[in-house]
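See structure below.
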Amino acid sequence: MTKSPSAAKPDANSKSNEEPKGDRLQKILAQAGIASRRKAEEIILEGRVQVNGVIVNTLGTRHDALKDHIRVDGKLLHGPEQQRYYMLNKPRGYVTTLDDPEKRPTVMQLMAKQKSGPHGDNVRLYPVGRLDYLSEGLILMTNDGNLANALSKAAAGVEKTYLVKISGTPPASGLQQIRSGIMIDRGRLDEVRSGRRDRIITSPAKVELVRGGDNPWYELTLIEGRNRQIRKMFEEIGHHVEKIRRIGYGALRLDVPPGEFRELTLGEVMALDRAAKGKKVVPKKKTPEFAQLKSPAKKKFTKPRRQPTGSKSASRPRRPN
């Protein structure tokens with residue numbers, strides 16, 4: 001006698017194959033603006049988090065931020081923060097970190113000013129990518145971790161545009177090396193790979209002369225962002241970089257004064273999302289003032305001062321020797 005299909009036993013592994021629902025607890029805390037994801041993990045391990053009245057002090061548990069009652073130090077979470085996106089013009093002499101052990105000024109101090117625009121409230125923001133201490137220009141600030149990670153991935157190939165001033169005039173062959181991809185960080189030993197030397201070849205870049213002279217300015221567009229990459233690229237062809245200003249990120253162009261910021265429009269956020277997905281985006285045709293290179297100040301010609309004809313020194317006769 002054969003058993004009917006309806007009498008077949010259910011698969012014992014069907015439940016175990018189901019993906020647990022909800023988000024990891026540390027992600028929920030980070031999205032609520034409590035702390036970074038790494039710091040949220042520490043808060044959980046310290047036993048400071050309750051879910052539906054039960055202390056959770058292990059990592060990896062998943063929960064529903066909309067249905068579960070989650071408390072940190074007794075305070076109830078009210079869901080994730082609304083996502084915010086800002087463009088900041090970082091001045092020279094600021095570091096692109098949340099906190100600096102050397103007590104140098106950080107971009108977070110600039111963002112502490114009262115925010116204007118439709119969402120002028122305080123949220124926990126962090127920078128997308130970096131500009132070194134001596135560089136200046138466009139920095140994105142957001143609390144959208146997914147977009148920040150997508151923009152930072154090299155595979156996305158998001159274009160970043162800079163104005164770069166260098167010492168001395170490089171040869172055409174040197175600029176062609178940068179355009180084609182140039183070796184940087186040569187000579188570093190990699191202990192993991194039995195003392196082999198790392199040799200990093202940069203991705204092809206766009207380089208155009210903006211202003212000539214003894215210390216020319218170039219517009220440089222990269223699709224990656226390695227540590228001190230621009231300085232290393234020009235050092236490889238024998239030239240020191242004097243100034244760096246980032247003026248573009250994807251379709252965005254720098255349009256706020258140094259030290260100031262503004263909230264991005266919905267269209268600008270959508271353009272960033274497209275760029276993060278590897279889709280083509282085009283900046284506006286008109287370049288804003290702060291993304292342009294200022295004209296050099298013209299030296300004023302001053303005529304030598306002529307002595308008045310009626311002065312005493314002019315009318316006084318010289319005494320004979």
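First residue of the sequence shown: 1, per the UniProt record's numbering; consecutive thereafter. We treat Cβ as the ideally placed atom computed from N, Cα and C, and that holds for glycine.
ask   = In terms of residue numbering, what span does the alpha helix (DSSP H) encompassing Ile244 cover?
value = It is not in any alpha helix (DSSP H) - Ile244 instead sits in the beta strand (DSSP E) that spans Val241 to Tyr249.
task = Using the Cα positions of Thr287 and Arg253, report the straight-line distance between them to the nearest angstrom.
result = 7 Å
message = Can you confirm whether the stretch 72-90 touches the stretch 258-273 when touching is taken to mean that 3 or more C-beta pairs between the two stretches lie within less than 8 Å?
response = yes
query = Who are the Cβ neighbours of residue 354 in its own chain at under 8 Å, not counting the five residues just before and after it?
reply = The structure shown does not extend to residue 354, since the chain is modelled only from 1 to 321, so the question has no answer here.
ask   = Are three or more beta carbon pairs between the stretch 161-177 and the stretch 225-238 nearer than 8 Å?
value = yes
request  = Could you check if Val107 is buried or exposed, using at least 16 other CB atoms within 10 Å of its CB as the buried criterion?
outcome  = buried
task = Put Arg228 into one of helix, strand or coil per three-state DSSP.
result = coil
ask   = Counting pairs of Cβ atoms below 8 Å between the stretch 57-64 and the stretch 22-39, do you hit three or more?
value = yes
query = Given that a residue counts as buried once 16 or more other Cβ atoms are within 10 Å of its Cβ, and exposed if not, what is Leu110?
reply = buried
key: Contacts around Arg305, its chain only, beta-carbon distance under 7 Å, and the 5 residues preceding and following it disregarded   = none
Bridge partner(s) assigned by DSSP for Tyr85 = Thr142
ask   = CA-CA distance, Pro118 and Gly267?
value = Reliability of the predicted coordinates at Pro118 is poor, the pLDDT of 47 falling under 50, and no value is obtained from them.
CB of Arg104 within 8 Å of CB of Tyr133, strictly = yes
ask   = Checking contacts by CB at 8 Å: is Leu125 closer than that to chain B?
value = In the structure shown, chain B cannot be found, because there is only a single protein chain.
message = Quick check on Lys39: does DSSP put it in helix, strand or coil?
response = helix
ask   = Hey, out of Gly248, Lys285, Ala291 and Thr97, whose CA is closest to Ala275's CA?
value = Gly248
query = What are the boundary residues of the alpha helix (DSSP H) that includes Ile28?
reply = Leu25 to Gln31
task = Spatial neighbours of Ile201 within its chain, please: CB distance less than 6 Å, with the 5 preceding and 5 following residues excluded, ordered by chain position.
result = Gly181 and Met183
query = How many Å lie between Glu159 and Lys284 at the Cα?
reply = 15 Å
Beta carbon of Glu136 nearer than 8 Å to that of Pro296 = no
query = Residues in its own chain within less than 7 Å of Ile230 by CB, not counting five upstream and five downstream?
reply = Tyr162, Val164, Leu220, Val241 and Ile244
task = Classify Asp144 as buried or exposed, calling it buried when 16 or more other Cβ atoms lie within 10 Å of its own Cβ.
result = buried
request  = Just confirm the distance between the C-beta atoms of Ala251 and Val282, as a whole number of angstroms; I'd bet it's less than 8 Å.
outcome  = 6 Å
request  = Quick one: using the 10 Å Cβ neighbour count with 16 as the cut-off for buried, is Val49 buried or exposed?
outcome  = buried
request  = Could you tell me which residues DSSP puts in a beta bridge with Leu222?
outcome  = Lys160
query = So what does DSSP say about Arg211, is it helix, strand or coil?
reply = strand
Proximity to Lys90 [Cα-Cα], best of Gly213, Arg130 and Leu293 = Arg130
request  = Please list, in chain order, all residues of the same chain as Leu293 whose beta carbon is under 8 Å from its beta carbon, the five residues on each side excluded.
outcome  = Leu163, Val210, Arg211 and Trp217
ask   = In whole angstroms, what is the alpha-carbon distance linking Val123 and Gly213?
value = 45 Å
ask   = In three-state DSSP terms, what is Gln50?
value = strand
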